[in-house]
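For reference, each letter of the sequence shown is one residue, going 340 to 442 in my numbering.
Ideal Cβ placement from N, Cα and C applies to all residues, glycine included.
Being a predicted model, the structure only gives us computed values, none of them experimental.
Here's the structure we're looking at; comments come further down.
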Amino acid sequence: MPQFYFIFLGMYLYYSRSKYYPDFLFSPPFRYARFVGLIFTIAGSLLYVRTDGCAGGLLLALAACTLAMGMVELFAVLGKFYFYGVAVILHVLLLIQLIFDAS
340 MPQFYFIFLG MYLYYSRSKY YPDFLFSPPF RYARFVGLIF TIAGSLLYVR
390 TDGCAGGLLL ALAACTLAMG MVELFAVLGK FYFYGVAVIL HVLLLIQLIF
440 DAS
């Protein structure tokens, strides 16, 4: 789950600088959002490779990138309620994963 979280965050930062990004959503104020998004996406992909091996990790990273970009684009267009709802659900799932991994 942390891998997908990093990739989702990277895709959000990358998409936030697009001309198709809705005006009613929060946009990060710094100029290098695409570069930071790329760093988060690479970090998530490297975590997938570390946990699942080279070939399996790259395939999972590709699937996660596709899913994350599709989710960001779909829920950004639907409205604030849906987009922030997906963000809250991702945070809750990440916290559950981290709590169960720690114990």
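Taking 8 Å as the cut-off, the beta carbon of PRO341 is found closer than this to the beta carbon of LEU433. Here the region 407 to 419 lies against the region 351 to 360, with 3 or more beta-carbon pairs under 8 Å apart. Fully enclosed alpha helix (DSSP H) runs of no fewer than 4 residues occupy 393 to 417 of the region 376 to 423, in order along the chain. Comparing alpha-carbon positions, the option among ILE428, TYR344, PHE345 and PHE363 lying closest to ALA415 turns out to be PHE363.
Within its own chain, the residues whose Cβ lies closer than 6 Å to the Cβ of SER384, once the five positions on either side in sequence are excluded, are ALA400, listed in chain order.
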